[in-house]
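Residue numbers (my numbering): 108 to 352.
Here is the structure we will look at, set down as structure tokens.
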């Protein structure tokens, strides 16, 4: 167990007043892997860095393009052409030098997925394609690692918490992958909002301070400003987590 320094006690003072020192020390001793440094991943990395997660592993293979900048808040105009992992690292180290940040500038595939997630306390799905999401879900369930899925399209978004052995997985929710889109239409503010919900669920899981939304799909509609909670049951025939899978 690594304990908080005096400087960290001051840095995290406002949230320590909510969930206390022991919960903050759980954060400091956690390792969170964020897969994808687009809109969701940038906002997640920013707020988990500020919150004091001990180690962040950032995974993305892409370089920054101009069309990324309406939603990917860690990447700025001078960063165009730079690796997303490097751009994020530069900003986050300045925000909170107390934490450790690891970067992997690679494409996630079946050969490397185990090495990517194996030492994680929690994995965050900030991806934009279902093939990799399903791969991530399978590996996390196999290794008993909690996973939080999020996705956004236009003015809508969703968050789903997966804790192996305690509730359904992503394949229970989506037995078949939804239709892929090469360029997903999206509003930056909606991405940020969904990422914040994902980050809050991450903090609940990591600290144990409150119960996360296991087995509940949270769906947000930005046009109607409505949040719907949909109960999802574990599928006994699920090929990933089912008892008959």
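Ideal placement from N, C-alpha and C gives every residue a C-beta, glycine not left out.
Assign residue 314 to one of three DSSP states: helix, strand, or coil.
helix
The beta strand (DSSP E) that contains residue 265, what's its start and end?
263 to 269
Does DSSP classify residue 132 as helix, strand or coil?
helix
Would you mind stating whether residue 279 and residue 333 have Cβ atoms separated by less than 9 Å?
no
Assess contact between the stretch 179 to 186 and the stretch 258 to 278, defined as three or more Cβ pairs (one per stretch) separated by less than 8 Å. Is contact present?
no
Chain-order list of residues whose beta-carbon lies under 6 Å from that of residue 328 (same chain, five-residue window excluded)
263
Helix, strand or coil: how does DSSP classify residue 160 here?
coil
Give the secondary structure of residue 186 by DSSP, where H, G and I count as helix, E and B as strand, and everything else as coil.
helix
Note down the Cα distance separating residue 281 from residue 211, rounded to an integer number of angstroms.
28 Å
When we look at the beta-carbon of residue 223 and count the other beta-carbons within 10 Å, is it buried (16 or more) or exposed?
buried
Which residues share a DSSP beta bridge with residue 333?
328
Residue 232 - DSSP class collapsed to helix/strand/coil:
strand
Just the C-alpha distance for residue 221 and residue 117, rounded to the nearest angstrom, thanks.
37 Å
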